[in-house]
Amino acid sequence: MTDKIQERMTKFYSGDDRSVTINAVQGHFATSNSHINYYIDVTRLKVRAKEAENAAASLRSKLLHQVEDVDTIVCLDGTEVLGGFLAQELEKGSFHMTNKHDTMYIITPEENSIHQFMFRQNNRLAIEGKNVLILAATLTTGETMKRMMECVSYYGGRVSGVTSIFSTMKEVNGQRIISLFTENDLPGYTAYHPSECPFCAKKIPIEAVVNGYGYSTL
Ligand SMILES: [Zn+2]
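Numbering (this note's numbering), first residue to last: 2 to 219.
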C-alpha cells in the first residue's frame, strides 16, 4: 500500500557512490525540535541487505583517517543492519580495536520512560572503557545525538566517532559528524524553528511527524 508521501518520493544519489541512494519528498514536516521542508527517507539503507552493505563500504571510506579506534558501534534509529555491515567493513583493517576477541560489539540503547538512553547490565561491557562509534539514520538538530553521547560517557565509554546516513550538522559537542548525505544533496533543504516556520505562518497543515525511524501522517 502506498500513500501520498510515498508516491511523491524522489531518489537522490550519493556523490561518492551511485549505488547508495536515499529518498526524499518536499513538503511541510515536523521533527521533535524543528519543522522541515523535506522528509528524508533512508529506509532502504537500513532494511535491504545489499543497499546496507554498499552504504557500509561507502561509510568506511569516509571514516578512514577521521576515526581511528572503534571497539563498539552503537546503533540508533533502527540502523542495526547497517551497523553490522559497517563492523564487517571496519574489521577489514585500518581501524584499531582494543577488544580481546578481535571483533566489534554492535549494540543499541534502550530509552526509558523519561526518554533517557540506557544500557542494561549485560551490555555495559560493550561501553565501559571502549571506543564507541555512534551510528544514526538522520541528524538534524543534534539533540538526540547529544543525549546519546552523554549516555556513552555516563557508562564509561569514549565517543571516538559519530556517523549518520543523513546529517545537516557538521559537529555535535565538538565531535565531527561524518555522513553519507548532507543538506547540500537536497536543493533548498531548510529547517525552521517551529515558531518561525513559513508554512505554519501560511496555515499550511503539517503532513507528517518524522524522526530517524520514519514518518507518521497525522
Ligand atoms: Zn511548520
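Quick reminder that beta carbons are idealized off the backbone N, C-alpha and C, glycines included.
Only a predicted model underlies this, so the values are computations on that prediction, with no experimental measurement involved.
Tell me which residues share the same chain as residue i and place their Cβ nearer than 8 Å to its Cβ, disregarding the 5 neighbours each side in the sequence.
i, result
"D4", "T218"
"M105", "V71, D72, T73, I74, A88, L91, E92 and M98"
"R121", "E111"
Where do the ends of the beta strand (DSSP E) carrying residue i lie?
i, result
"T73", "T73 to C76"
"I1", "Past the boundaries of the shown model lies residue 1; the chain is included only from 2 to 219, so the question cannot be answered."
"I6", "Here I6 belongs to no beta strand (DSSP E); instead the alpha helix (DSSP H) covers K5 to E8."
"H29", "T22 to A31"
"N212", "A209 to N212"
"G215", "G215 to T218"
"K171", "Element bounds for K171: n/a, residue is neither H nor E."
"K12", "T11 to Y14"
Residue i lies in the alpha helix (DSSP H); which residues open and close that run?
i, result
"V48", "T44 to V48"
"C198", "Here C198 belongs to no alpha helix (DSSP H), and DSSP marks it neither H nor E."
Nearest CA to the CA of residue i: which residue from the options?
i, options, result
"R177", "V163, Y190, G189 and P188", "V163"
"Y40", "C198, A192 and E197", "A192"
"Q67", "T169, P188, V160 and F200", "V160"
"S180", "L126, H29, F200 and V43", "V43"
"F118", "K131, G130, S95 and E144", "E144"
"F167", "M10, K12, K63 and I23", "I23"
"R9", "A25, N174 and E129", "A25"
"E184", "T169, N174, G175 and V173", "T169"
"M172", "G157, S196 and T141", "The sequence shown places Glu at residue 172, rather than the Met named in the question. When only C-alpha atoms are compared, the closest one is T141."
"E81", "A53, L126 and V210", "A53"
"V21", "N124, G157 and L83", "L83"
"N34", "D186, G94, P195 and C201", "P195"
"H116", "K203, C152, L134 and S62", "C152"
"E69", "K147, P188, G94 and G158", "G94"
"N38", "K204, A202 and Y190", "Y190"
Give every residue of the same chain whose Cβ lies closer than 6 Å to the Cβ of residue i, excluding the five residues on either side of it in the sequence, and list them in chain order.
i, result
"D78", "A137, A138, G213 and Y214"
"F96", "V71"
"C198", "H36"
Take residue i and list the residues in its own chain whose beta-carbon comes closer than 7 Å to its own, dropping the five residues that flank it on each side.
i, result
"I107", "I74, C76, E81, G84, G85 and A88"
"F200", "H29 and H36"
"A209", "I6, F30, Y40, Y216, S217, T218 and L219"
"Y156", "F120, R125, I128 and E129"
"D17", "S59"
Just checking residue i against ligand 2 - is the residue's beta carbon closer than 6 Å to any of the ligand's heavy atoms?
i, result
"T218", "Among the ligands in the structure shown, ligand 2 does not appear; only ligand 1 can be found there."
Extract the residue ranges of the beta strand (DSSP E) inside the stretch 87-169, only unbroken runs of 3 or more that lie entirely within it.
Secondary structure within the stretch 87-169: the beta strand (DSSP E) runs of 3 or more consecutive residues, fully enclosed, are 106-108, 132-140 and 159-168 (chain order).
For ligand 1, list every residue whose C-beta falls under 7 Å from any of its heavy atoms, going in chain order.
A Cβ closer than 7 Å to some heavy atom of ligand 1 marks a residue here, and those residues are H29, A31, H36, Y193, P195, C198, F200, C201 and I207.
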